[in-house]
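Enquirer:
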Amino acid sequence: MPTSVALTGASGFIGHAIALRLCQAGLKVRGLVRSSRIIPSLDHSNFTLIPGDLHNIESLKKLVQGCTSVVHCAGTVRGSKRIDFIPSNIQGVANILRVCGSQPSPPRIIHFSSLAAREPSLSPYAWSKREGELLIQQEGESLHWIIVRPPAVYGPKDKALRPLFQLGKKGIALHLGSKNGKFSLIHVEDLTEVILRALERNTIRSAIFEVDDGFPNGYSWKSVFQVINPEIKIHVRVPRRFLWLIGKSNEILSRVFGYMPLFTTGKVAELGHVNWVSDSEDARQQLGWSPQIPLEEGLRHLFTSDSLMLRTKD
Ligand SMILES: NC(=O)c1ccc[n+]([C@@H]2O[C@H](COP(=O)([O-])OP(=O)(O)OC[C@H]3O[C@@H](n4cnc5c(N)ncnc54)[C@H](OP(=O)(O)O)[C@@H]3O)[C@@H](O)[C@H]2O)c1
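Note that the working numbering numbers the sequence shown so that position 195 is 1097, with each residue one more than the last.
#1: In chain order, what residues of the same chain lie with their CB nearer than 8 Å to the CB of K1135, ignoring the 5 residues before and after it?
#2: Using only CA atoms, which one of E1133, E1091, D1115 lies nearest to A922?
#3: Restricting to runs no shorter than 3 residues, where is the beta strand (DSSP E) found entirely within the region 1005-1059?
#4: Hey, would you say the C-beta of V979 is under 7 Å away from at least one heavy atom of ligand 1?
#5: Please work out which residues of its chain come closer than 6 Å, Cβ to Cβ, to D1060, disregarding the five sequence neighbours upstream and downstream, and give them in chain order.
#6: Is it buried or exposed, K1124, if we count other Cβ atoms within 10 angstroms and call 16 or more buried?
#7: When you compare each of L1069, I998, L1017, P1026 to F863 by their alpha carbons, which one comes out closest?
#8: By Cβ distance below 8 Å, which residues in the same chain neighbour K1215 in space, the five residues on each side in sequence not counted?
#9: To the nearest angstrom, how far is the alpha carbon of K1169 from that of F1014?
#10: Would the beta-carbon of I1110 fall within 8 Å of that of R1051?
#11: Does the Cβ of L956 lie closer than 7 Å to at least one heavy atom of ligand 1?
#12: Is there contact between the region 1101-1120 and the region 1076-1092, where contact requires at least three CB pairs shorter than 8 Å?
#13: Give me the residue from Q1039, L1147, Y1161, L1066 with the minimum Cα distance to R1107.
#14: Could you name the residues of the same chain whose beta carbon sits closer than 6 Å to that of T970, not counting the 5 residues immediately before and after it, in chain order?
#15: Going by DSSP, what residue range makes up the beta strand (DSSP E) through R932?
#16: At the level of alpha carbons, what is the spacing between S1016 and E1133?
#17: Under 8 Å between the Cβ atoms of V1140 and L1063?
#18: Is D1181 near E1095, with beta carbons less than 8 Å apart?
#19: Can you name, in chain order, every residue of its own chain whose Cβ lies under 6 Å from the Cβ of V1179, other than the five neighbours on each side?
#20: In the DSSP assignment, the alpha helix (DSSP H) including F1127 goes from what residue to what residue?
#21: Go to A919, then tell me how far its alpha helix (DSSP H) extends in each direction, as first and last residue.
#22: Please say whether D1208 and P1058 have beta carbons closer to each other than 8 Å?
#23: What do you reckon, is the C-beta of P1026 under 7 Å from a heavy atom of ligand 3?
#24: For L1173, which residues from the same chain have a beta carbon less than 6 Å from its beta carbon, with the 5 sequence-adjacent residues on both sides left out?
#25: Are the C-beta atoms of F1085 and some chain D residue less than 8 Å apart?
#26: In chain order, what residues of the same chain have a beta carbon less than 6 Å from the beta carbon of R936, not counting five sequence neighbours either side?
So, in C-alpha cells, the structure goes:
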C-alpha cells in the first residue's frame, strides 16, 4: 500500500468521497483543487490541498511529487460538444501522463473512465472518455496504469441521479431511459473501496475494471423505482423525441446563458442505449473486492443524510 497518494478532482462528487476514504484509511492524500476555495469537509490532517488545474503543468508536478500512485478522478461531465470535453477528459489525461512519465520513478496511475467509454459513438462525453482511455493504453508497459469504468454512481452530493431518486420517493417515477434498457449502479462508497483495493494490489497493471453494486444482470428503471418507493403510483414515461427536445433546448440555453449543460442530446442518446450493465468479475477476482452497499441501503442513507456513511473504520 502506498503511503502518499495524489488525487485529482478532490472537490468533485466522487473525488471528494475518495479523498475522505483514503485519509480515513491512513494514507496521506495530496488533492488537486482548482480554485482556492475552502472545502471544510476535507479539513483532515492527512489531506494536503494542492491548488491547481489539469492544464497547469507546474501544479501537476507539485501534486505528484513524492507520490507512488496517482488517482486521476478529475473530469468534465457537463457539456454538449466534443470541444467542451476535450480540455479535461483528453488534454488533462495527456498532461497527467506527461508529468507522471517525467518523474524519476513514475507513479502508478489509477484512471477514472466511465462505462460510457464502451460506446464512444453515442455522445461527445462517451467519446472523450474513450479517447482518454486510449491515451493511457498507448503508454503500454512504460507506465503502470489501471482504468476503472464506473456505471452510474449515486450517493451524497451527486447532482445527476439524486433529484430523480428524490422525485421517485415523492411518488413520481420519471422514466427517462429506454423501456428495455438495463443498467448497473454503484454507491460512491463502494467505489472508494475499489480504489483502496487497487492501491493495495500494486502489482496489477494494464487492466480495465468495470464495477457495480452486485445486482445481477442490471436494473430496469421500473425495478429501481420499485426499490425507491414500492407505493409509487405515478409513472411518467417521457417519449424519446420529447427528451431530445429538452436536451436540445438546454444546449441552446446553455450557449445563451453561458453554463455547461448536464442534460443534452448526447445524454438522451446515452439514456436510450439498452445495455449499461457492468461486468465486475475481473474487479472482484483481481482486486479481491466486492460491493457492500445494496441499493436499498444506499437509498435509505441517501434519503436521510447528506454525508457519507464511511462505515469502514480502519
Ligand atoms: N458521476 C458518475 O455517475 C460517473 C460515472 C462514471 C464515471 N464518472 C467519472 O468520474 C469522474 C468524477 O466524476 P464526478 O461525478 O465526481 O464529477 P464532478 O462532481 O463534476 O467532479 C469533477 C471533478 O473534476 C475536477 N476538474 C474538472 N476539470 C478539471 C481541470 N481542468 N483541472 C482540475 N480539476 C478539474 C472538478 O473540479 P471543480 O470542482 O473545480 O469543477 C471536480 O473536482 C469523472 O472523470 C467522470 O467522468 C462519473
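The beta carbon of each residue, even a glycine, is placed where N, CA and C say it ideally should be.
Expert: In short:
#1: Numbered from its first residue, the sequence shown carries residue 1135 at position 233. Cβ neighbours of K1135 beyond the five flanking positions: G1073.
#2: Walking along the sequence shown from the start, residue 922 turns up at place 20. According to the sequence as given, residue 922 is Leu; it is not Ala. Of the candidates E1133, E1091, D1115, the one whose C-alpha sits nearest the C-alpha of L922 is E1091.
#3: 1010-1014, 1047-1051, 1054-1056
#4: On the sequence shown, position 77 is the one that residue 979 refers to. Yes, the Cβ of V979 comes within 7 Å of a heavy atom of ligand 1.
#5: The sequence position of residue 1060 within the sequence shown is 158, counting from 1. Closer than 6 Å at the Cβ level, and outside the excluded window around D1060, lie F915.
#6: Mapped onto the sequence shown, residue 1124 falls at position 222. Its Cβ having fewer than 16 others within 10 Å, K1124 is exposed.
#7: Coverage of the chain is limited to positions 903 through 1216, which leaves residue 863 absent and any answer about it impossible.
#8: By one-based count along the sequence shown, residue 1215 stands at place 313. Annotation note: pLDDT 45 at K1215 (below 50); position unreliable, coordinate value reported separately. These residues qualify, in order along the chain: Q926.
#9: If you number the sequence shown from 1, residue 1169 lands on position 267. If you number the sequence shown from 1, residue 1014 lands on position 112. Rounded to the nearest angstrom, the two C-alpha atoms are 19 Å apart.
#10: For the purposes of this step, residue 1110 is identified with residue 208 of the sequence shown, where counting begins at 1. For the purposes of this step, residue 1051 is identified with residue 149 of the sequence shown, where counting begins at 1. Closer than 8 Å, so yes.
#11: By 1-based counting over the sequence shown, the position of residue 956 is 54. Result yes, Cβ under 7 Å from ligand 1.
#12: yes
#13: The residue labelled residue 1107 in the question sits at position 205 within the sequence shown. Out of Q1039, L1147, Y1161, L1066, Q1039 has the C-alpha closest to the C-alpha of R1107.
#14: Within the sequence shown, residue 970 is the residue found at index 68, counting from 1. Closer than 6 Å at the Cβ level, and outside the excluded window around T970, lie P904, P1009.
#15: Locating residue 932 in the sequence shown gives position 30, where the first residue counts as 1. 930-935 is the extent of the beta strand (DSSP E) around R932.
#16: What you label residue 1016 is simply residue 114 of the sequence shown in a count that begins at 1. What you label residue 1133 is simply residue 231 of the sequence shown in a count that begins at 1. Cα to Cα, the separation comes out at about 33 Å.
#17: By 1-based counting over the sequence shown, the position of residue 1140 is 238. By 1-based counting over the sequence shown, the position of residue 1063 is 161. No. Outside cutoff.
#18: Counting from one through the sequence shown, the residue named residue 1181 turns up at place 279. Counting from one through the sequence shown, the residue named residue 1095 turns up at place 193. No, they are not a contact pair.
#19: Counted from its first residue, the sequence shown places residue 1179 at position 277. Closer than 6 Å at Cβ, skipping near neighbours: K1084, S1086, G1120.
#20: Against the sequence shown, residue 1127 aligns to sequence position 225. It spans 1123-1130 - the alpha helix (DSSP H) in which F1127 sits, taken as one unbroken run.
#21: Position 17 of the sequence shown, counted from the start, is the residue given in the question as residue 919. Element bounds for A919: 915-926.
#22: Start at 1 with the first residue of the sequence shown, and residue 1058 comes out as number 156. Start at 1 with the first residue of the sequence shown, and residue 1208 comes out as number 306. Yes, they are a contact pair.
#23: As presented, the structure is devoid of ligand 3, carrying ligand 1 as its sole ligands.
#24: As a position in the sequence shown, residue 1173 is number 271, starting the count at 1. Contacts found: L1078, G1079.
#25: Of the protein chains in the structure, only one exists, and it is not chain D.
#26: What you label residue 936 is simply residue 34 of the sequence shown in a count that begins at 1. Excluding residues within five positions, the ones whose Cβ falls inside 6 Å are D955.
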